[in-house]
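Worksheet for the structure shown next.
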Amino acid sequence: MYLHSSHRMFELLSCGKTISNSSLKYAVKSIGILLLNTNTNIIGKSLRLYECQTFTDIDECIIYVKSQTKQLFLIISNMSDKVILQLQKLSQIKFIYLYDCKLEKNTKNIRGNISDLNELKKLLIEDIKQYSQELLYITSITVFNATKTKVKNKNQVHFIWFQFIINMLLSLTPKDGAEEEMILEYCFQSDKSELSKDTDIEWYINNSSIYHLMNQAFQTDNIEFLFKIQYFIINLHNDINKHYHPLSTYQNRLLLYRGQLMIANDLQNLEENIGGFISINSFLYTTRSLNTARQYAGNGSDQSNLKSVLFEIEIDPNTTTKSFANLNRKDSNEILF
1 MYLHSSHRMF ELLSCGKTIS NSSLKYAVKS IGILLLNTNT NIIGKSLRLY ECQTFTDIDE
61 CIIYVKSQTK QLFLIISNMS DKVILQLQKL SQIKFIYLYD CKLEKNTKNI RGNISDLNEL
121 KKLLIEDIKQ YSQELLYITS ITVFNATKTK VKNKNQVHFI WFQFIINMLL SLTPKDGAEE
181 EMILEYCFQS DKSELSKDTD IEWYINNSSI YHLMNQAFQT DNIEFLFKIQ YFIINLHNDI
241 NKHYHPLSTY QNRLLLYRGQ LMIANDLQNL EENIGGFISI NSFLYTTRSL NTARQYAGNG
301 SDQSNLKSVL FEIEIDPNTT TKSFANLNRK DSNEILF
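Numbered by full-length UniProt numbering, the letters in the sequence shown go through residues 1 to 337 in order.
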């Protein structure tokens, strides 16, 4: 997809969107708090919604972290630089908070050495609140800009690698019992009532937790979880293919819209790379209705880290390399890539 700037293509709105209870539950279930060699009294009432684990053994802590699909906020006390840097490399760790530790060199996800307990609690609560909001609006977008060679090469490698993973997901036959395993995994992380939805597309387009879980996995390159829901991904992909060819014969040009909230840094990255190319590593939900897209974008937000964005996308159905399905639900004229 080519990225350019115009008032029609890339319109920023003053926006907002009410977060549903099911989405809030998803955010809570997608975050965990770890205490390593730290007093459990540090967790107050405001953080009891989140799962909290306490460790005194570093090896047990690392084993637990590697087994998780959620993002973890880790509080460490009285640990060596070697241990801290070892934990910092784990992709499941979102932030590390040092409580009375000494670390000569801070890295990007280490929030600093804090000796005041109240200050640490305040920072932790603020970080979790912001990340909970961001979780609901992550978009798996990779930007390619020919003028930034180093960044372009890094992104190209990631793009090729991820395409290889997707091809594997779609081409490998799911193991025996894959459907049952996916349902168990899905029930574990979401409401059982959502399993009553009839089709894979229905699960996805109704803002079910599977939508958030899948997007988070694509965004964080959580290959293990993607293979756990491989059965669903294959079925959704096949459903889209079933609807693809009849739609492609209707016309030579499709004008589509997508409205959404975006994290401010992600939006800035797009604005700084006008003229480049973007790759979206997930299913993409769009509509032919401008008004419907505006509703998804919202109309007012007081969150400085979230921005409302309206995308206008022009495609040629006869040359596209990715399948898409015309969902024809009510008056929204939805297209799912």
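Idealized CB from N, CA, C, for every residue including glycine.
Proximity to residue i [Cα-Cα], best of the options
i	options	result
residue 398	80, 81, 252, 72	Because residue 398 is not part of the residues shown, which for the chain are 1 to 337, the question remains open.
residue 233	291, 171, 263, 261	171
residue 54	69, 77, 70	77
residue 254	319, 279, 262	319
residue 79	61, 92, 67	61
Length of the line joining the Cα atoms of residue i and residue j
i	j	result
residue 194	residue 34	Residue placement at residue 194 is poorly supported in this model, since its pLDDT is 49, which falls under 50; the coordinates still yield a value, given next. Approximately 29 Å between the Cα atoms of the pair.
residue 187	residue 252	Note that residue 187 scores 48 on pLDDT, short of 50, meaning its location in the model is unreliable; the coordinates nonetheless yield the value given after this. Whole-angstrom Cα-Cα distance: 42 Å.
residue 229	residue 290	32 Å
residue 110	residue 270	26 Å
residue 231	residue 174	6 Å
residue 219	residue 225	12 Å
residue 308	residue 323	27 Å
residue 114	residue 63	26 Å
residue 321	residue 132	34 Å
residue 87	residue 167	31 Å
residue 335	residue 256	8 Å
residue 97	residue 29	21 Å
residue 284	residue 116	45 Å
residue 94	residue 69	12 Å
residue 122	residue 31	17 Å
residue 84	residue 326	50 Å
residue 333	residue 277	26 Å
residue 50	residue 317	45 Å
residue 241	residue 235	10 Å
residue 81	residue 238	49 Å
Which residues DSSP lists as bridging residue i, in chain order
i	result
residue 34	53, 74
residue 287	257, 334
residue 263	306
residue 325	336
residue 131	In DSSP, residue 131 forms no bridge with anything.
residue 113	98
Residue-level contact to chain D via CB, residue i, 7 Å cutoff
i	result
residue 307	The structure shown contains no chain D; it holds only a single protein chain.
Anticipated Cβ contact below 8 Å, residue i with residue j, distance rounded
i	j	result
residue 223	residue 258	26 Å between Cβ atoms; not a contact.
residue 99	residue 120	6 Å
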